[in-house]
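**Student:**
2 protein chains.
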Amino acid sequence: MSPVSDEGLKGIVMAFDFDSVISPRAAAAANKWAGYPPFHFVGGNIDEQTLPVDELAAAVDRVIRREGHSMAKYGLEDGPMGYLPLRQFTAEKLKAYAGMDVSADEVLITTGSLQALDLVNELLLEAGDVVVLEAANYNGTLTRLQRLDVEYIGVELDDGGMRMDHLRDVMSKLAGQGRRPKFIYTIPTIQNPTGTILNRDRRLEMLDVAREFEVPIFEDDCYADLTWDQKRPEAIQALDADNRVLYCGTFSKTIAPALRVGYLVAPWQVMQHVLPLKTDAGSGALEQMVLAEYLPHHFDDHVTELVGILKKKCDAMAEALDENFGAAAEYSPPDGGIYMWVTLPKSVDTRELAVAAARQGVAINPGPEWTVHGEENRHRMRLCFGHPTLENIRDGVAKLADICHQEFGVPRRSGNVERT
Amino acid sequence: MSPVSDEGLKGIVMAFDFDSVISPRAAAAANKWAGYPPFHFVGGNIDEQTLPVDELAAAVDRVIRREGHSMAKYGLEDGPMGYLPLRQFTAEKLKAYAGMDVSADEVLITTGSLQALDLVNELLLEAGDVVVLEAANYNGTLTRLQRLDVEYIGVELDDGGMRMDHLRDVMSKLAGQGRRPKFIYTIPTIQNPTGTILNRDRRLEMLDVAREFEVPIFEDDCYADLTWDQKRPEAIQALDADNRVLYCGTFSKTIAPALRVGYLVAPWQVMQHVLPLKTDAGSGALEQMVLAEYLPHHFDDHVTELVGILKKKCDAMAEALDENFGAAAEYSPPDGGIYMWVTLPKSVDTRELAVAAARQGVAINPGPEWTVHGEENRHRMRLCFGHPTLENIRDGVAKLADICHQEFGVPRRSGNVERT
């Protein structure tokens, strides 16, 4: 790397060995980026064609010419909570869609909702703590808790989301051991990966359980705008009578994942301790400004259009699964969102399937990575349909069925054709 | 917060007490944002009027209409290292300005250079480790190390930056105790807060010391583009023959602090372990895209213009200090950048001065927060001149002198006028 000529050879021979200083906690090394595979059924990406490029361009042009000079300051004029017009829009949106009665002063703009997870985790969790959550869950949440040496206990799901009877069991058992979870983490609206929606009765019951066992709830609502009918139950936060719910959401799933803009809603008792942990000198201003300029005029219409195409993609994936896997692939159609949770026969190990499929250009999420009880879910997988085109979904699922047949003899039949 | 009516009173009375679950490691609570004070001499902000609003607006319009659809994917097309055109420009800039021979594949775009600090710290440091750094230093670095329970040992500075004789002493003493620092952290080009530049000879000597004691160097070059003559010594990274230097920089100080775009340069041996720690699903795409579109055509001219006005502000602050504090304020004119490190008579405690000044609308950084040996530096302060106008600098420094006189009887005289 260095241009110092007469040291060149010595440089290569004597290169400093960073392995001697890298923390033993470091994760496995990354591979160099090789680009996206032809069939990319992983990652929380969304449809490209509906991304409102012209309207965003117009919005950013207006806002940058009007207020761009304020970017000479970290955090703009509005301080560490984020750009005020975006916090105001977020508060209004949460009121209109989720029934939440919050003011802009309770909304912290974060660099994606992932930063909201990190901030809440850092504030509340210590090694050895316990968190209770849905047994099938977002991989990013599970790996975060693993890295913090926090134990998580899974609550079973059915087609209505987290089972409240099992939640009560889990909490009672923990209480019997003298353990109080730091919080219940839940994705109640378009659960990841199951795509379920928790109804109002279960939400109220979750609050009852939380009250009984004196724990807070961390509600991750990052897919909640993507229900097929654009309706949703009131947020748990909205039903909460005693300020025990922390809440996060995002604009990544409705506008653009590559724009890193999420939000955390928390009472000031919590927020005043979150802010000192947000040591990033503010979230990106331009991304906040363009959203604040674009959203008030376009959010509803854009989400309607986006959800329409996502539903078509979901249907295409369901059809492709039926056609290519037949009865070998079981799934409950999701209530919205961008992924499908698929159960294959127990003879299939999706970790091995993922490796074989990757070699042939098909990326999938193996079930064990998205569940608390990994081994029990080795025959499940998550397939994301948000980004690929309808044609790509059809072709990719067909290819995946071929690969699965080659590797595991499953599916045996495809449509009316016996495979050999 | 909740609208549930018949639960309202109970809600208030029974509100969940988050203090029972907040980690004992939590920092002191933040205050609610009260807006910027009239005289804001803190924070790494830059000049508003030179911020190239029209050119950025034109750039963002072009790039978003051309490639905006790619924002439907996390990380765009280019994977976790960041937007390739920006990595390419960064590599070219580092070659042209700092003599660094790096390719785009060794440049990771980060969410501000602060994320580069966090990533390197997380990868290399554990509680109980030691880091060696300049004795006067960036507060954000010191507080990060404190939070990680990492000990830091300060090396004295003179007008030429870190003193190599003292660095050697410190390293020898540590070696005598059987301790090897995890790295030497240095801001060699426009040091924060002293504004000094380490010359080439000292850079080579630092590499010799690092080689002798077998430690890596972490070079933080975030102000390096703001030297008054727009020249600078080759980066330590460029002079390094054996790949022991990690390097970070930023576009916050040259384009806009509120755009959160920095970069980390590291050999792949390190980068492959950094990437799994960057769990933010990519840095903000729009900010990367607009910079990549704007910088190749405008960087040189814009920085020339910016540095011109910063130099005028620096001169204005020097004049205002001379005029209002006279001999009571000592400082070495910085070699570039946006702040001045000022020494007052030992009777002044700048922590108390900062409190009194804040009450009257003047914000300053007390010396103890920017130094390893806080108590010894209680009569020093950092004054930032990047953002305030020339008039605001003159008025604010005059006001600060008044306040300092009221509180400490210093300065005794102002210009030719004896104060009473």
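Residue numbers (the numbering used here), protein chains in the order written: chain D, 3 to 422; chain V, 3 to 422.
Ideal Cβ placement from N, Cα and C applies to all residues, glycine included.
Mind pulling the chain V residues with CB within less than 8 Å of V292(D)?
**Tutor:** Within 8 Å Cβ-Cβ: L288.
**Student:** Under a CB-based cut-off of 8 Å, is N194(D) close to chain V?
**Tutor:** It does not; no Cβ of chain V falls within 8 Å.
**Student:** Count the C-beta pairs between the region 367-379 of chain D and the region 280-298 of chain D that are closer than 8 Å, then say yes if the count reaches three, no if not.
**Tutor:** Taking 8 Å as the limit for Cβ pairs, the verdict is that the region 280-298 of chain D does not touch the region 367-379 of chain D.
**Student:** Short of 8 Å Cβ to Cβ, which residues in the region 57-89 of chain D face chain V?
**Tutor:** Flagged, chain order: L58, A59, V62, D63, I66, R67, G70, H71, S72, M73, A74, K75, Y76, G77, L78, E79, D80, G81, P82 and M83.
**Student:** Considering only the beta carbon of each residue, do L125(D) and V276(D) sit closer than 8 Å?
**Tutor:** In contact: L125(D) and V276(D) (Cβ atoms closer than 8 Å).
**Student:** Looking at C-alpha atoms only, which residue of D151(D), D171(D) and A283(D) is the closest neighbour of A142(V)?
**Tutor:** For the record, residue 142(V) in the displayed sequence is Gly; it is not Ala. Considering only alpha carbons, the answer is A283(D).
**Student:** With three or more beta-carbon pairs closer than 8 Å as the criterion, would you say the region 66-81 of chain D touches the region 252-260 of chain V?
**Tutor:** Because the criterion of three Cβ pairs below 8 Å is met, the region 66-81 of chain D and the region 252-260 of chain V touch.
**Student:** Along chain V, in chain order, which residues have C-beta atoms closer than 7 Å to that of S174(D)?
**Tutor:** Near S174(D) there are no residues of chain V at all, since even the closest Cβ is about 19 Å away, more than 7 Å.
**Student:** If you draw a straight line from the alpha carbon of P5(V) to that of N245(D), how long is it in whole angstroms?
**Tutor:** Low local confidence applies: a pLDDT of 40 at P5(V) is under 50, so the model's placement there is unreliable, with the coordinate-based value given in what follows. Approximately 11 Å, taken between the alpha carbons.
**Student:** Quick one: Cα of E377(V) to Cα of V350(V), how far?
**Tutor:** Each residue's alpha carbon lies about 12 Å from the other.
**Student:** Less than 8 Å between the beta carbons of A137(D) and V374(D), yes or no?
**Tutor:** For A137(D) and V374(D), yes; Cβs fall inside 8 Å.
**Student:** Taking the alpha-carbon of D151(V) as reference, which of Y140(V), R165(V) and V133(V) has the nearest alpha-carbon?
**Tutor:** Nearest of Y140(V), R165(V) and V133(V) to D151(V), Cα basis: V133(V).
**Student:** For D161(V), I'd like the list of residues in its chain whose CB is within less than 8 Å of its CB, leaving aside the five on either flank, ordered along the chain.
**Tutor:** T198 and S334.
**Student:** By how many angstroms is the C-alpha of F18(V) removed from the C-alpha of G10(V)?
**Tutor:** Because G10(V) sits at a pLDDT of 44, beneath the cut-off of 50, its placement in the model cannot be relied upon, and the following sentence gives the value as read from the coordinates. Near 13 Å, if we compare the C-alpha coordinates of F18(V) and G10(V).
**Student:** Check whether the Cβ atoms of C316(V) and F43(V) sit closer than 8 Å, and answer yes or no.
**Tutor:** No. Outside cutoff.
**Student:** Distance, Cα to Cα, F253(V) vs V172(D)?
**Tutor:** Near 50 Å, if we compare the C-alpha coordinates of V172(D) and F253(V).
**Student:** Straight-line CA distance for I111(V) to I405(V)?
**Tutor:** C-alpha separation (whole angstroms): 43 Å.
**Student:** How is M164(V) classed by DSSP in three states: helix, strand or coil?
**Tutor:** If DSSP states are grouped into helix, strand and coil, M164(V) belongs with the strands.
**Student:** What does a CB cutoff of less than 8 Å around L135(V) pick up in its chain, not counting 5 residues either side in sequence?
**Tutor:** Excluding residues within five positions, the ones whose Cβ falls inside 8 Å are T143, Y154, I155, G156, V157, I186, Y187, T188 and V374.
**Student:** Thinking C-beta only, is F41(D) closer than 8 Å to K401(D)?
**Tutor:** Yes. Within cutoff.
**Student:** Please check the pair R213(V) and G163(V), which I expect to be a contact at CB under 8 Å, by giving their CB distance rounded to whole angstroms.
**Tutor:** In fact, because the Cβ distance is near 19 Å, the residues do not count as touching under 8 Å.
**Student:** Could you check if K280(V) is buried or exposed, using at least 16 other CB atoms within 10 Å of its CB as the buried criterion?
**Tutor:** Buried.
**Student:** Determine which residues share a DSSP beta bridge with E153(D) and list them.
**Tutor:** The partner list for E153(D) (beta bridge, DSSP) reads V132(D).
**Student:** Pick from M273(D), Q232(D) and D231(D): whose alpha carbon is nearest that of C250(D)?
**Tutor:** The option with the nearest alpha carbon to C250(D) is M273(D).
**Student:** Rank R182(D), R396(D), G388(D) and E207(D) by C-alpha distance to the C-alpha of F327(D) and give the top, closest one.
**Tutor:** Considering only alpha carbons, the answer is R396(D).
**Student:** Could you check the C-alpha separation between D425(D) and N47(D) for me, to the nearest Å?
**Tutor:** Residue 425(D) lies beyond the residue range present for chain D, which begins at 3 and ends at 422; the question has no answer from this structure.
**Student:** Grab the span of the beta strand (DSSP E) containing I405(V) for me, first residue to last.
**Tutor:** Taken as a continuous stretch (DSSP letters only), I405(V) belongs to no beta strand (DSSP E), being part of the alpha helix (DSSP H) at L392 to F410.
**Student:** Give the straight-line distance between the Cα atoms of E295(D) and Q90(D), rounded to the nearest whole angstrom.
**Tutor:** When rounded, the distance between both Cα atoms is 12 Å.
**Student:** Could you spell out where the alpha helix (DSSP H) holding R27(D) opens and where it closes?
**Tutor:** Here R27(D) belongs to no alpha helix (DSSP H), and DSSP marks it neither H nor E.
**Student:** Apart from the five residues on each side of it in sequence, which residues of its chain come closer than 8 Å, Cβ to Cβ, to R64(D)?
**Tutor:** Hits under 8 Å: E295.
**Student:** Candidates V412(V), A177(V), L346(V) and L266(V): which alpha carbon is nearest F220(V)'s?
**Tutor:** Checked all of V412(V), A177(V), L346(V) and L266(V); the closest Cα to F220(V) is L266(V).
**Student:** Any idea which residues DSSP pairs M291(D) with across the strands?
**Tutor:** Paired residues: none, contrary to the question.
**Student:** For D203(V) and chain D, any beta-carbon pair shorter than 8 Å?
**Tutor:** So no, D203(V) is outside the interface.
**Student:** Under 8 Å, do A330(D) and V412(D) count as touching if we go by C-beta distance?
**Tutor:** Yes, the Cβ-Cβ distance between A330(D) and V412(D) is below 8 Å.
**Student:** Taking C-beta pairs closer than 9 Å, name the residues in chain V that D49(D) reaches, listed in chain order.
**Tutor:** The contacting residues are A74.
**Student:** In chain V, what lies closer than 8 Å to T113(D) by C-beta?
**Tutor:** Result: T113, R262, D282 and G286.
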